[in-house]
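Working notes, structure below.
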Amino acid sequence: MAGRLEGKVAIVTGGSRGTGEATARRFVQEGASVVLADVLDEPGRKVAAELGDRALYVHLDVTSEAEWGACLDRTLAHFGRLDVLVNNAAVLHIAPLEETVLADWERLLRVNQTGPFLGIKTVAKAMRAGGGGSIVNVSSIDGLEGMSFVSAYASTKWALRGLAKCAALELGPDGIRVNTVCPAGGSDEMAAPWRPPGSKDTSGYMDKRPIPRRGTVEAIASMILFLASDESSFCTGGDFPVDGGHSCGSRLPVRIPRRS
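Just add 54 to the spot in the sequence shown (first one is 1) and you have the working numbering.
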């Protein structure tokens, strides 16, 4: 049986590890050819080598319009087309709002917000020429609700949802769909530098949610796969939580007794 992405070509930013790596591996399993785009060259090349002939590593600083252009050129030269873009590359900053310096704020804007904007802008023409495509922005539960100490990060993740909706309206007539995934949990790499030495988790913030555990990169990759594939052909401009019900709210810690 053919895979759900059989014959398609995808660019996955931040593809060297975490959610990006899991997505690239899943795409190849489902028949796609994948460009892993990242600034982490050694791990990116290693993953691409493991995936074989249907994977290519390309160095990409998502804040550079010139590097986006070069990435697209290499993709088209190597695989001949482009059908899917996954805007996954991101950086995290945890600090009280009053202690968040302008340089950190602007760094997150460049990577998390400007990067996906440049990506969509760059690939639209190639997707249009190929008859359409699917763009998936990876936001966060912090793009659906507020949380203390992540003002810079959450601002960029909320912005991705607005960017996707505007792009969906503009690109829809060309057969290009644009959606947003809003995960909780997943890879630990981004959060690890902000944890106390020896700590394995930041809080236990999922404990009061409908599914009280952290998500996995594989679960997030499954949603990205759905949105990249033709199975989601009537979905565009949408927000798709992969959060164990986190964005529903919190459960009460005890059951309320029924009235007799």
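Every residue gets a Cβ at the ideal spot worked out from N, C-alpha and C, and that includes glycine.
The beta strand (DSSP E) enclosing residue i, as first and last residue numbers
i, result
"Ser87", "Ser87 to Asp92"
"Pro295", "Asp293 to Val296"
"Val232", "Ile230 to Pro237"
"Thr270", "Counting along the chain, Thr270 falls outside any beta strand (DSSP E), and DSSP gives it neither H nor E."
"Thr67", "Val63 to Thr67"
6 Å Cβ shell around residue i - same chain, five flanking residues per side excluded
i, result
"Pro247", "For Pro247, the predicted structure reports a pLDDT of 49, less than 50, and the residue's modelled location is therefore unreliable. The matter cannot be settled from this model."
"Arg182", "Asp228"
"Gln167", "Thr210 and Ala213"
"Ser87", "Val63, Arg108 and Phe133"
"Leu114", "Ala91, Glu121 and Cys125"
"Ser202", "none"
"Ile274", "Thr73, Pro237, Gly240 and Val296"
"Gly303", "none"
Nearest candidate by alpha-carbon position, reference residue i, set the options
i, options, result
"Lys62", "Val89, Gly69, Thr73 and Arg71", "Val89"
"Pro97", "Glu75, Val116 and Asp115", "Glu75"
"Thr290", "Ile148, Ala143, Gly186 and Phe133", "Gly186"
"Arg58", "Arg135, Asp284 and Val101", "Asp284"
"Val204", "Gly106, Val155 and Leu223", "Val155"
"Ala206", "Trp159, Gly200 and Ser193", "Trp159"
"Ala56", "Ser70, Thr77 and Phe81", "Phe81"
"Lys175", "Gly123, Ser276 and Gly85", "Gly123"
"Leu44", "Met277, Ala78, Glu60 and Ala218", "As displayed, the chain neither begins before 55 nor continues past 314, which places residue 44 out of reach and without an answer."
Residue i, enclosing alpha helix (DSSP H) - first and last residue
i, result
"Arg263", "Element bounds for Arg263: n/a, residue is neither H nor E."
"Glu75", "Gly72 to Gln83"
Sub-8 Å separation of residue i and residue j beta-carbons
i, j, result
"Arg128", "Val112", "yes"
"Gly130", "Ile189", "Here residue 130 is Leu; the residue named in the question, Gly, does not match the sequence. No, these two residues do not count as a Cβ contact at 8 Å."
"Val145", "Val165", "yes"
"Gly68", "Ala143", "yes"
"Leu136", "Ala178", "no"
"Glu104", "Leu279", "no"
"Ser354", "Leu94", "Any question about residue 354 goes unanswered here, given that the chain covers just 55 to 314."
Spatial neighbours of residue i in its chain, beta-carbon cut-off 7 Å, leaving aside the 5 residues before and after
i, result
"Gly197", "Ala208, Lys211, Trp212, Leu214, Arg215 and Cys236"
"Ala102", "Leu90, Ala109, Leu110 and Tyr111"
"His300", "Ile195, Ala238, Met260 and Arg263"
Cutoff 8 Å; reference residue i; Cβ partners in own chain excluding five residues on either side
i, result
"Leu281", "Ser188, Val190, Arg231, Asn233, Val235, Cys289 and Phe294"
(message) Suppose only complete runs of 4+ residues qualify. What are the alpha helix (DSSP H) ranges in the segment 169-208, listed by chain order?
(response) Listed in chain order, they are 169-183.
(message) Going residue by residue through the segment 113-152, where are the continuous beta strand (DSSP E) segments of at least 3 residues, counting only ones entirely within it?
(response) Entirely contained in the segment 113-152, the beta strand (DSSP E) runs reaching 3 residues are, in chain order, 138-141.
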